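Number of protein chains: 2
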Amino acid sequence: MKNEKLNLEELFATINNYFSPKVIAEVNDVYVKIVKVKGPDVPWHTHDGEDELFYVLEGRLTMQIKGEPDFDLNVGEMFVVPKGVEHRVFCVEECRLLLIENKTTAHTGSVKSSITKSVDEQKY
Amino acid sequence: MKNEKLNLEELFATINNYFSPKVIAEVNDVYVKIVKVKGPDVPWHTHDGEDELFYVLEGRLTMQIKGEPDFDLNVGEMFVVPKGVEHRVFCVEECRLLLIENKTTAHTGSVKSSITKSVDEQKY
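Those sequence lines, one after another, are chains A and B.
Heads up, the first sequence is in the working numbering, so the first residue is 4 and it goes up one at a time.
Heads up, the second sequence is in the working numbering, so the first residue is 4 and it goes up one at a time.
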């Protein structure tokens with residue numbers, strides 16, 4: 004996976020499903036992933052002990068943090084969901100995201116839903 | 004630093020110097036940084052035991068890996084310099100980068116040069 008130039012446009016072109024993150028790079032203990040999302044299919048979940056970064060490359064993502072007002076992330080905006088904070092995301096139109104997570108992070112936390120993918124399923 | 008929405012355009016607007024990385028977010032053991040670069044001022048250096056990711060947001064960055072042909076990274080392209088690999092970057096026109104590095108990574112490795120900044124100097 005290492006030692007090659009990564010073109011995100013080309014990599015996104017190979018992704019045909021929503022909510023199916025793909026690992027594109029590893030940097031020490033974190034994975035960098037890309038994902039296309041659309042719709043309300045992410046369940047509320049928490050990553051105990053692990054922060055998760057969302058960076059919007061295309062579209063608009065609505066971030067929901069339990070007990071706080073929803074807010075939107077537009078292109079060029081990022082947000083770190085701190086460890087232990089219950090969250091959910093959704094969007095009406097297709098949105099393309101860059102994610103930074105620990106290698107051990109399960110993308111829907113301990114919650115299993117129809118979108119849940121194992122880490123192996125997230126690899127090219 | 005956490006729990007706030009980050010707009011990269013606004014953050015870049017606050018940076019007045021080249022080769023002066025700024026920490027904008029932390030995700031577990033890594034820092035996410037932004038930096039404006041222009042010119043040939045980065046010395047050859049190595050990060051022992053630590054990978055470093057470069058993602059080009061604006062401009063064109065030339066990546067030099069010791070013993071290999073130079074190559075360019077354009078907007079939307081990223082490259083991970085693996086741990087222990089001697090490298091250097093330069094660009095003719097201003098280039099804006101997102102970096103992902105361990106919190107412990109010194110941006111010019113063990114090499115001290117005119118551009119070297121401590122981690123504290125990289126914080127807002």
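The beta-carbon is built from N, C-alpha and C at its ideal position, and this holds for glycine as well.
Remember, predicted model here, so these are calculated numbers, not experimental data.
In the DSSP annotation of this structure, the continuous segment of the beta strand (DSSP E) that includes GLU29(A) starts and ends at 25–30.
Per DSSP, TYR21(B) has no beta bridge partner at all. GLU53(A) belongs to the set of residues whose beta carbon lies under 9 Å from a beta carbon in chain B.
For the 9 Å CB-CB criterion, VAL30(A) and ILE37(B) do not form a contact. Following the DSSP letters along the chain, one finds GLU55(B) inside the beta strand (DSSP E) bounded by residues 55–61. Nearest CB-CB separation between GLU7(B) and chain A: below the 9 Å threshold.
A distance of 9 Å or more separates the beta carbons of VAL40(A) and GLN67(A). Its chain contains LYS39, VAL40, LYS41, GLY42 as the residues whose beta carbon lies nearer than 7 Å to that of TYR21(A), once the 5 sequence neighbours on both sides are disregarded; these appear in chain order.
Taking CB atoms only, LEU76(B) has a neighbour in chain A less than 9 Å away.
Excluding five sequence positions before and after LEU9(B), the CB atoms of its chain that fall closer than 7 Å to its own CB belong to ILE27, ALA28, given in chain order. For ASN19(A), there are no C-beta contacts with chain B under 8 Å, since the nearest C-beta of that chain is about 20 Å from it.
Cα atoms of GLU89(A) and GLU13(A): separation of roughly 32 Å, rounded to the nearest angstrom. Taking PRO85(B) as the centre and dropping the five residues before and after it, the same chain places the C-beta of ASP54 closer than 6 Å to its C-beta, in chain order. Residue contact check for LEU100(A) against chain B: no CB pair falls below 9 Å. When the Cα atoms are used, GLU80(A) and PRO72(A) turn out to be separated by approximately 17 Å.
Of GLY112(B), TYR58(B), ASN105(B), the smallest CA-CA separation from PRO46(B) is found for GLY112(B). Residue pairing by DSSP places VAL45(B) in no beta bridge whatsoever.
Boundaries for GLU12(B): no beta strand (DSSP E) harbours it, while the alpha helix (DSSP H) harbouring it runs 11–16, taken from the DSSP string. Looking at the DSSP output, HIS90(B) bridges to HIS48(B), ILE68(B).
With respect to chain B, the C-beta atom of ALA109(A) has no partner C-beta closer than 9 Å. When secondary structure is reduced to three states using DSSP, ASP123(B) falls in the helix class. Counting the other Cβ atoms within 10 Å of the Cβ of THR108(A) gives 16 or more, which makes it buried.
With respect to chain A, the C-beta atom of VAL35(B) has a partner C-beta closer than 9 Å.
The continuous beta strand (DSSP E) containing GLU80(B) extends over residues 80–84.
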